[in-house]
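Protein chains in written order, with numbering that gives the first Met the number 0: chain A, 0 to 311; chain B, 0 to 352. Inspection log for the structure reproduced underneath, given as structure tokens.
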Amino acid sequence: MNELVHGILSPQFFYSILRVTTPILFAALAALLSDVAGSTNIGIEGMMLMSAFWGVMVSAWTGSAWIGLLAGVTSSVLLSLALAYFYLNLKTDLVLAGIAFNIFSSGATVFLLYLFTGDKGSSSSLKSYVLPKIDIPLIKDIPVVGDILSGHHVLTYIAFISVFVVQYFIYKTPLGLRLRAVGENPDAAQSVGISVKKIRYISMLLSGLMAGFGGAFLSMGYVSWFARDMTNGRGFIGLAAQALGGHSAFGSMWGSLLFGLAEAASYTLQAIRIPSEFTNMLPFIFTIIALAIYARSKLLQIKKIKEEEKKA
Amino acid sequence: MKKLLVVLLAVFVVMSFAQLKVALLINGTLGDKSFFDSAARGIKMAEKDLGIKATIIEMGYDQSAWRPTLEDIADQDYDVIIVGTWQMQEILEDVAPMYPEKKFIIFDTTVDYSKGDLDNVYSILYKQNEGSFLAGALAAMITTSGMEKTNPQPIIGFLGGMDIPVINDFLVGYIEGAKYINPNIKVIISYAGAFNDPAKGKELVLAQYRQGADISFNVAGETGIGLLEAAKEMDKWAIGVDSDQALIVEEKDPDMAWHIVTSMMKNVDLSIYRALKLTIEGKCPYGKAEALGIAEKGIGLADNKYYEKIVPKKFRDKIKEIEKLILEGKIKVDTAFGMPREKLDELRNSVRP
């Protein structure tokens, strides 16, 4: 029990929550940006994987982590535009196309890895670069808080800053309004002269951008190599985190943090011999409970509104 | 005319026997820097030295394709078909009896011979428990040695891919080896539940190091890459697995290589070469499972420059001494195969921090 308290209450534990949350948060923001325009991006997982791959490859070739990041994000954005083309121009089913893109990325990254390095498992033979960690001046000197908030990977900070940017973008800018209009009612949006196609292209592009950051974080921060299928479901967990939070970037952030907390807890708990079957289950138990609470509060809300309508 | 046909047939049969046709089916892809690459290396060695004719087929990670591929290959004119890992076990148990004239070799697991009709299957097991005993002993010596990167607490770590018999066989040997050196040793045990999630592996091992472990044993495939990353980041020690992981990473990241004290290697290449050699000599025990240990060079700790520079001589001598004791049968290492769950839990709980 002592170890439990020691493990959970240490600043490193809270630090690790933020780190574990980062890729999920990017995925959740990617899901949010596509979802507000009514075209949920199922291909986030594949886009993250692609970005993780190109980030490593290009950083190894150029010797610069930043160019690697640029390449990773670009590859993800290109993939998202391709998905948008399939969906908007060729009228394929969005979910099916998204799944196809995921499978494609999984295969293509291994194929390209083999082509470039002769390996099929991981990029262990390549000397690739990672993005830096950042110490925040002032905050880093505060005892506990500094240990938790400072010294994170640069993309971790970008993730949390993005939450505010995305929230502002969706609710305070004209383009964000159009995005929401297209998502709520595309026909009505069309009738007032908004090009639904163009707006959805933009939302998909932004979604790919976020997924790209998430993927690059995995291979250029979390670890310093690319490994086959290394996203391992984080794109989908991001979709779930966004679903928890509804159409709000802050909601997505809380959803992601919930998953991050559950995951980080599952790591720490395992170290003190709580059965791994149980700890591996934790993040998903959290999801079900959170969804149930969310659904319940929604139901109550609807009931209340109906009762008020009756009164009126 | 008839006679001529018989002679021709006889010549043909003799000729085809002269050159053994071997197929290696890989249920995954090459490039894992570990098992499959090692198996392919064994085949190449046999091709060169034993004059066999070999084909290597990568079946990919889609499990539904494995069974039909194995049947396809068995339908063709190969004499010996080699597969590996526990994931192929059930498939082989179904397929092998349908081709009694073919020979099958499976490595790193065994088929269940009680199911019958498996006289044409030779199973190669590795006494990973023996090798892990050495790894555990080494870890237990290092953790309280006062060497750099260590703390005084007698706590060591273990990262498993999944809670399955093969992985637990490593664990049993590791715990017993550690207890052999220090009866009060504590082992932090984590299972990632996946073999391809390095980020999760890293996170788990960071938690281990945070809780006082200063060395951890990587038994988790590509998930274990995360362990190596964690060791480098927290400046702690790591023990690699399956192949010599220090040599794999040294080119890319010399700093990381200096955190890997040694690796517990399974010599899949040598074992496959040995099996094919025995097959040609007619001495390979088909219909049986064989566990290769230190004696058959099936397993062993990697003896490279890192091991020599990092590990003090007295520890290396101790490891040699233990190796000898195992060889002579004076140390008996338990195995997780066939071990009742209660006993395994008891062992795990006995080293719980």
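Where is the CB? At the ideal position from N, CA and C, for every residue including glycine. Bear in mind the structure is a predicted one, so any value in this text is a computation, not a measurement.
- Taking C-beta separations shorter than 8 Å and ignoring five residues to either side along the sequence, the partners of Lys52 (chain B) in its chain run Gln18, Leu19, Lys20, Val21, Glu46, following chain order.
- With respect to chain A, the C-beta atom of Asn183 (chain B) has no partner C-beta closer than 7 Å.
- Taking the Cα of Gly223 (chain B) as reference, the smallest distance to any Cα among B:Gln210, B:Arg209, B:Ala245 is reached at B:Ala245.
- Within 7 Å of the CB of Val19 (chain A), the CB atoms of chain B belong to Glu202, in sequence order along the chain.
- CA-CA distance, Leu23 (chain B) to Leu158 (chain B), rounds to 29 Å.
- In the three-state scheme derived from DSSP, where H, G and I count as helix and E and B as strand, Trp257 (chain B) is classed as coil.
- Two segments are said to touch when three or more pairs of C-beta atoms, one from each, lie closer than 8 Å; by this definition the segment 37 to 51 of chain A touches the segment 93 to 105 of chain A.
- For the C-beta of Asn231 (chain A), the chain B residues within less than 8 Å are, from N- to C-terminus, Ala193, Asn195, Asp196, Ala198, Lys199.
- Scanning the segment 40 to 115 of chain A for uninterrupted alpha helix (DSSP H) segments of 4 residues or longer gives 43 to 61, 64 to 83, listed from N- to C-terminal end.
- The C-alpha of Ser349 (chain B) lies about 9 Å from the C-alpha of Ile184 (chain B).
- DSSP places Met58 (chain B) outside both helix and strand once states are collapsed to three, so it counts as coil.
- Not flagged as an interface residue toward chain A: Ala256 (chain B), since no C-beta distance is shorter than 7 Å.
- Asp241 (chain B) places its beta carbon less than 7 Å from that of Lys265 (chain B).
- If you check each beta-carbon in the segment 33 to 45 of chain A against every beta-carbon of chain B, none falls closer than 7 Å.
- In chain order, Tyr221, Val222, Ser223, Trp224 make up the part of chain A whose C-beta sits under 9 Å from the C-beta of Glu228 (chain B).
- Contact of Tyr190 (chain B) with chain A is assigned, a C-beta pair being separated by under 7 Å.
- In summary, Asn88 (chain A) is exposed, with fewer than 16 beta-carbon neighbours lying within 10 Å of its beta-carbon over all protein chains present.
- Any Cβ of chain A closer than 7 Å to the Cβ of Glu249 (chain B) would place that residue at the interface, and such an atom is absent.
- Counting only runs of 4 or more residues that sit fully inside the segment 206 to 280 of chain A, the alpha helix (DSSP H) segments are 233 to 244, 248 to 270, in chain order.
- Taken through DSSP and simplified to helix, strand or coil, Lys20 (chain B) comes out as strand.
- Going by C-alpha positions, Gly232 (chain A) is about 12 Å away from Lys199 (chain B).
- When Cβ-Cβ separations below 7 Å define contact, Thr267 (chain A) makes contact with chain B.
- Note on geometry: alpha-carbon atoms of Ala219 (chain B) and Met161 (chain B) lie some 8 Å from one another.
- Residue ranges of uninterrupted alpha helix (DSSP H) with 4 or more members, entirely inside the segment 241 to 311 of chain B and ordered along the chain, are 244 to 248, 253 to 256, 267 to 280, 304 to 309.
- Among the residues facing chain A, Leu29 (chain B) is included, as its CB has a counterpart in that chain under 7 Å away.
- Residue range 127 to 142 is occupied by the alpha helix (DSSP H) that includes Asn128 (chain B).
- Between Tyr14 (chain A) and Ile133 (chain A) the beta-carbon gap is near 13 Å, outside 8 Å, which marks them as no contact.
- In the structure shown, Lys126 (chain A) falls within a coil segment according to DSSP collapsed to helix, strand and coil.
- DSSP places Val82 (chain B) within a strand segment (E or B) once states are collapsed to three.
- The Cβ-Cβ distance between Tyr128 (chain A) and Ser58 (chain A) falls below 7 Å.
- Distances from the alpha-carbon of Gly115 (chain B) to those of B:Pro96, B:Ser215, B:Ser131, B:Leu49 put B:Pro96 closest.
- In this structure, DSSP gives Lys329 (chain B) a state outside helix and strand, which the three-state scheme calls coil.
- Under the three-pair Cβ rule at 8 Å, the segment 276 to 293 of chain A does not count as touching the segment 59 to 66 of chain A.
- About 7 Å separates the Cβ atoms of Met140 (chain B) and Lys317 (chain B), confirming a contact at the 8 Å cut-off.
- A Cβ of chain A is located within less than 7 Å of the beta carbon of Arg209 (chain B).
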